[in-house]
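Take a look at the structure set out below.
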Amino acid sequence: MPKVNTSIGSIFKLAIPIYIGMLSNTLVGVVDTGFMGRVGVLPQSAVGYGSLFYMVYYLMGFGFVLGAQIIIARRMGEGKLRRVGPIFINTAFVMLIYAALIILLVLLGIQTFFSLILNSEIIA
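Under this note's numbering, read the sequence shown as residues 61 to 184, first letter to last.
Here you go:
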């Protein structure tokens, strides 16, 4: 079995790009909030609710793809390269269906959804 390098330096080499990616996501939210704060309180509230809606469905899809990535890495590590393709294709197919369902939800029912969960008709 190959020796795994678990030094602090190797952990930081792996963690820093992940940290920067998460920080950039947070920075986009801060910029959005600052921009919409100049427009008004109601648009800022609407962006906040919209961001929460987006993050829920984004993270569900991201979690699914991350799980598939782990399975693919395991199969590659086991040397079972022929099993990688079907996993990738199935993941892509499921994510296309997921994206289509989210698009339909947004196009057909987002107004109703927000009017049910919010007290303000202006924000919904």
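The beta carbon of each residue, even a glycine, is placed where N, CA and C say it ideally should be.
Straight-line Cα distance separating residue j from residue i
i           : j           : result
residue 135 : residue 146 : 11 Å
residue 175 : residue 148 : 38 Å
residue 63  : residue 80  : 28 Å
residue 68  : residue 77  : 15 Å
residue 122 : residue 133 : 16 Å
residue 164 : residue 173 : 13 Å
residue 178 : residue 87  : 26 Å
residue 74  : residue 85  : 18 Å
Closest by C-alpha distance to residue i, when choosing among the options
i           : options              : result
residue 131 : 120, 143, 87 and 84  : 143
residue 90  : 75, 102, 108 and 101 : 108
residue 187 : 138, 70 and 119      : The structure shown has nothing for residue 187, since the chain only spans 61 to 184.
Short Cβ contact (8 Å threshold) for residue i with residue j
i           : j           : result
residue 104 : residue 96  : yes
residue 151 : residue 128 : yes
residue 154 : residue 124 : yes
residue 117 : residue 162 : yes
Where the alpha helix (DSSP H) through residue i begins and ends
i           : result
residue 156 : 144 to 177
residue 84  : 68 to 99
Beta-carbon contacts of residue i that lie in its chain and below 6 Å, excluding the five residues immediately before and after
i          : result
residue 83 : none
beta-carbon residue i near the ligand ZN non-hydrogen atom, thresh 7 Å
i           : result
residue 132 : Among the components of this structure there are no ligands whatsoever, and the ligand ZN is therefore not found.
Residues near residue i by beta carbon distance below 8 Å, same chain, minus five either side
i           : result
residue 111 : 89 and 92
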